[in-house]
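Numbering (my numbering), first residue to last: 49 to 164. Glycine included, every Cβ here is placed at the ideal spot set by N, Cα and C.
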């Protein structure tokens, strides 16, 4: 079973940047599309960015132009570069395959807090 360990979160001021990393146990080569999700307090988890095995990328409108997703199939990692962060980006961030549901395995996530 593929598992995920997210890291890189923290407290940052509005306008700042963070880079999240996801270490995947097991090969992600077999996972066609990987995604970064986030869940803010009182809200449902949402997919914010996804990337195919050949690096085609999709983003939710609210992060377009600010976030960049990447993957390294050889190193079994998926990353999310987040720039120009806003308070509304505050959430716990998770990585998983695109389309993962609450019935699938999820890692602990990494907390991102954007506040002055």
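Cross-strand partners of residue i (DSSP beta bridge)
i           : result
residue 105 : 99
residue 120 : 125
Burial state of residue i, where buried means 16 or more other Cβ atoms lie within 10 Å
i           : result
residue 97  : buried
residue 86  : buried
residue 137 : buried
residue 158 : buried
Selected residue, minimal CA-CA separation from residue i, among the options
i           : options              : result
residue 57  : 50, 70 and 51        : 70
residue 118 : 129, 144 and 64      : 129
residue 101 : 162, 113 and 81      : 81
residue 135 : 146, 75, 111 and 85  : 111
residue 103 : 150, 114, 92 and 125 : 125
Beta strand (DSSP E) segment containing residue i, residue limits
i           : result
residue 154 : From DSSP, residue 154 is part of no beta strand (DSSP E); its letter is neither H nor E.
residue 55  : 51 to 55
residue 141 : 139 to 145
Nearest-angstrom Cβ-Cβ length linking residue i and residue j, presumed shorter than 8 Å
i           : j          : result
residue 141 : residue 54 : 6 Å
residue 133 : residue 63 : 7 Å
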